[in-house]
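Visitor: Numbering (this note's numbering), first residue to last: 119 to 424.
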Ligand SMILES: *Cc1c(COP(=O)(O)O)cnc(C)c1O
């Protein structure tokens with residue numbers, strides 16, 4: 119394992135642009151939108167996954183773990199990034215994948231396999247109890263010792279990493295928006311910013327009110343300057359419709375920024391919708407966090423969903 123290279127890599131994240139979105143919608147309302155382009159931080163470990171993995175990989179390296187094990191769906195951005203990180207820094211990686219094996223592998227898992235990741239499939243009923251003693255000891259029997267990173271990479275070390283996201287936004291602003299899956303990134307962002315800034319998470323799953331308590335548990339201290347909007351999920355996790363797909367296409371054509379319909383498409387759509395509904399005071403400056411995840415587009419295209 120190459121610890122020195124790992125520490126170096128995470129010590130100096132590449133700078134990424136803060137891109138202004140000069141769209142009529144915002145000009146009319148006298149507000150400004152900027153997108154923090156962390157999709158550009160790395161081709162393979164990008165967006166929030168860079169920050170969520172940072173302290174987990176450092177912890178694993180410092181404790182001399184040789185193997186990293188984590189969980190995810192077959193199109194997971196986290197599994198993809200973890201597999202690449204394993205190859206880059208010399209860890210063996212195990213991906214515990216929800217559901218059955220489908221061959222040929224989809225582009226996400228194909229890439230992960232090429233990075234050397236080994237897969238272990240759990241049927242959905244077992245996947246639901248993946249952190250139970252029963253399943254974890256089954257995994258230890260199969261793979262020996264490993265450093266476990268939870269699904270989506272969300273644990274306290276991920277939250278610590280995510281709190282560094284906002285140090286890289288060097289303008290004054292009033293609102294910070296991010297997409298919310300497990301809420302780990304949102305919690306880190308809340309921990310990392312001044313309480314004058316309002317932070318808004320866009321839930322990408324249905325019935326996601328449980329996220330509010332999850333995020334509260336991950337906060338360093340009680341904070342009141344944040345909210346999760348629960349109505350921009352488009353039917354649920356990984357669900358979307360032609361309205362969202364058209365929105366993404368027009369947005370990319372206008373601003374040369376790629377979005378996907380699972381996370382960042384819903385995020386930017388929500389900001390447009392809120393602007394049209396006069397949610398923001400005139401003069402407001404809004405930053406949206408581009409959390410990356412564009413690798414998933416290929417799998418969606420292959421299934422003719424885009
Ligand atoms: C994983 C992911 C998220 C969700 O992050 P959480 O910390 O689980 O809320 C958001 N956007 C993209 C692109 C992701 O890959």
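Even glycine gets a Cβ: it sits at the ideal position worked out from N, Cα and C.
1) What are the boundary residues of the alpha helix (DSSP H) that residue 71 is part of?
2) For residue 298, which residues does DSSP report across the bridge?
3) How should residue 281 be labelled, buried or exposed, when 16 other C-beta atoms within 10 angstroms of its C-beta is the threshold for buried?
4) Using only the heavy atoms of ligand 1, determine whether one of them is closer than 8 Å to the beta carbon of residue 275.
5) Can residue 254 and residue 266 be called in contact, C-beta distance under 9 Å?
6) Identify which residue in 120, 133, 147, 140 has its Cα closest to the Cα of residue 397.
7) What whole-angstrom Cβ distance do residue 307 and residue 330 have, given they're in contact under 8 Å?
8) Put residue 281 into one of helix, strand or coil per three-state DSSP.
9) List the residues that DSSP assigns as beta-bridge partners of residue 316.
10) Taking only beta-carbon atoms, is residue 252 less than 9 Å away from chain C?
11) Can you tell which of 389, 260, 407, 423 has the C-alpha that lies nearest to the C-alpha of residue 158?
12) Less than 8 Å between the CB atoms is what I'm expecting for residue 382 and residue 170, so what's the real figure, rounded?
13) Can you list, in chain order, the residues of its chain with a C-beta nearer than 8 Å to that of residue 219? Leave out the 5 residues immediately preceding and following it.
14) Tell me the residue span of the beta strand (DSSP E) that contains residue 138.
15) In chain order, which continuous runs of the alpha helix (DSSP H) of length 4 or greater are located wholly inside the stretch 215 to 246?
16) Within its chain, find whatever has a CB closer than 6 Å to the CB of residue 333; leave out the 5 residues flanking it on each side and keep chain order.
17) DSSP three-state label for residue 384, please.
18) Straight-line CA distance for residue 287 to residue 346?
19) In the structure shown, what three-state DSSP assignment does residue 345 receive?
20) Do residue 149 and residue 399 have their beta-carbon atoms positioned less than 9 Å apart in this structure?
21) Report the CB separation of residue 390 from residue 185 in whole angstroms; it is logged as a contact under 8 Å.
22) For my contact list, residue 211 and residue 417 are in at a C-beta cut-off of 8 Å; report their separation, rounded to the angstrom.
23) By Cβ distance below 8 Å, which residues in the same chain neighbour residue 355 in space, the five residues on each side in sequence not counted?
24) Where does residue 405 sit, in a helix, a strand or coil, going by DSSP?
Guide: With the structure as the only source:
1) In the structure displayed, the chain extends from 119 to 424; residue 71 sits before or after that span and is not available.
2) What you label residue 298 is simply residue 180 of the chain shown in a count that begins at 1. Residue 298 is bridged to 321.
3) By 1-based counting over the chain shown, the position of residue 281 is 163. Using a 10 angstroms sphere on the CB of residue 281, the tally of other CB atoms reaches 16 or more, which defines it as buried.
4) On the chain shown, residue 275 is found 157 positions in, with the first residue counted as 1. Answer for residue 275: no, Cβ out of range of ligand 1.
5) For the purposes of this step, residue 254 is taken as residue 136 along the chain shown, with counting starting at 1. For the purposes of this step, residue 266 is taken as residue 148 along the chain shown, with counting starting at 1. For the 9 Å CB-CB criterion, residue 254 and residue 266 form a contact.
6) As a first step, residue 397 is located in the chain shown; it is residue number 279 there, counting from the start. Out of 120, 133, 147, 140, the CA that lies nearest to the CA of residue 397 is found in 147.
7) Locating residue 307 in the chain shown gives position 189, where the first residue counts as 1. Locating residue 330 in the chain shown gives position 212, where the first residue counts as 1. Rounded, the Cβ-Cβ distance is 15 Å, inconsistent with contact.
8) Taking the first residue of the chain shown as 1, we reach residue 281 at position 163. Note: residue 281 maps to coil in three-state DSSP.
9) Sequence index remark: in the chain shown, residue 316 carries index 198 (1-based). According to DSSP, residue 316 bridges with 293.
10) Included in the structure is just one protein chain, with no chain C present.
11) Position 40 of the chain shown, counted from the first residue, corresponds to residue 158. Checking every option, the nearest Cα to that of residue 158 belongs to 407.
12) What you label residue 382 is simply residue 264 of the chain shown in a count that begins at 1. What you label residue 170 is simply residue 52 of the chain shown in a count that begins at 1. Not a contact, Cβ separation roughly 16 Å.
13) The residue given as residue 219 occupies position 101 in the chain shown. These residues qualify, in order along the chain: 237, 239.
14) On the chain shown, residue 138 is found 20 positions in, with the first residue counted as 1. If you look at residue 138, you'll find it in the beta strand (DSSP E) that goes 136 to 138.
15) Those alpha helix (DSSP H) runs which fall completely within the stretch 215 to 246 and span 4+ residues are 225 to 232, 242 to 245.
16) Within the chain shown, numbered from 1, the residue matching residue 333 stands at position 215. Cβ within range, chain order: 301, 304, 305.
17) Residue numbering aside, residue 384 sits at position 266 when the chain shown is read from its first letter. For residue 384, the secondary structure class from DSSP, reduced to helix, strand or coil, is helix.
18) Counted from its first residue, the chain shown places residue 287 at position 169. Counted from its first residue, the chain shown places residue 346 at position 228. So the two alpha carbons sit approximately 21 Å from each other.
19) The residue labelled residue 345 in the question sits at position 227 within the chain shown. Secondary structure of residue 345 (DSSP, three-state): strand.
20) Residue numbering aside, residue 399 sits at position 281 when the chain shown is read from its first letter. Residue numbering aside, residue 149 sits at position 31 when the chain shown is read from its first letter. Between residue 399 and residue 149, the gap from beta carbon to beta carbon is short of 9 Å.
21) As a working mapping, residue 390 is identified with position 272 in the chain shown. As a working mapping, residue 185 is identified with position 67 in the chain shown. Their Cβ separation, rounded to whole angstroms, is 44 Å, which puts residue 390 and residue 185 out of contact at 8 Å.
22) Residue numbering aside, residue 211 sits at position 93 when the chain shown is read from its first letter. Residue numbering aside, residue 417 sits at position 299 when the chain shown is read from its first letter. Their Cβ separation, rounded to whole angstroms, is 19 Å, which puts residue 211 and residue 417 out of contact at 8 Å.
23) As a first step, residue 355 is located in the chain shown; it is residue number 237 there, counting from the start. Excluding residues within five positions, the ones whose Cβ falls inside 8 Å are 299, 322, 323, 324, 380.
24) Locating residue 405 in the chain shown gives position 287, where the first residue counts as 1. Strand.
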